[in-house]
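Asker:
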Amino acid sequence: MIEERGRVLSVDDGAVWVETVRRSTCGTCSARAGCGQHLLERLGSRGRQGFIRAISGEVHSIGDEVIIAIPESAVVRGSLWVYAVPLAGLFTGALLAQHAGLGEPGLIAAAFTGLAAGFGLVRWHSNTTRRDPALQPRVIRCSNTLH
């Protein structure tokens with residue numbers, strides 16, 4: 000399980016909205032001098048706080064500190080869908096155009112069409128699995144003394 004600490008902002012029926020603060024490990028990295036992530040960290044990049052809806056079987060109050068978690072398998076499967084499926088569509092479109100004997104402009108157009116189809120497939124998959132409880136973050140612990 001991948002865990003993250005957060006604070007309850009709002010309570011829904013069977014779920015809570017949690018504010019998390021993203022942390023960076025730039026201070027311990029030896030490559031930080033040439034890293035764009037370190038530069039953004041130093042400049043104080045916006046969007047450091049995330050708002051996540053997490054399933055909860057317990058009753059929580061606004062301001063409670065909680066630990067939320069999501070299974071590693073859900074993150075891996077999601078990453079494969081987001082990255083591999085559009086790339087597979089791009090290469091499939093290009094290979095089909097090449098097999099059909101199209102010229103370079105047709106091959107480029109077919110590759111972009113395949114990429115767009117891959118993104119469409121990812122969106123369809125996202126819409127069909129959006130409410131799957133196995134893929135949702137869950138509150139696993141609650142404590143107002145977490146630090």
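Number 80 in numbering that gives the first Met the number 0 belongs to position 81 of the sequence shown; there are no gaps in the numbering. Backbone N, C-alpha and C define an ideal beta-carbon position, used for all residues, glycine too.
1. Between residue 17 and residue 76, what straight-line distance do the alpha-carbon atoms span, to the nearest angstrom?
2. When the Cα of residue 58 is compared with those of 89, 112, 10 and 137, which residue comes out closest?
3. Decide if residue 132 is buried, meaning its Cβ has at least 16 other Cβ atoms within 10 Å, or exposed.
4. Assuming residue 125 is part of the alpha helix (DSSP H), what are its boundary residues?
5. Where does residue 67 land, buried or exposed, given buried means 16+ other C-beta within 10 angstroms?
6. Using beta-carbon positions only, say whether residue 55 and residue 14 come within less than 8 Å of one another.
7. Measuring only the C-alpha atoms, how far is residue 19 from residue 85?
Answerer: According to the data block:
1. 23 Å
2. 10
3. exposed
4. 103-128
5. buried
6. yes
7. 30 Å
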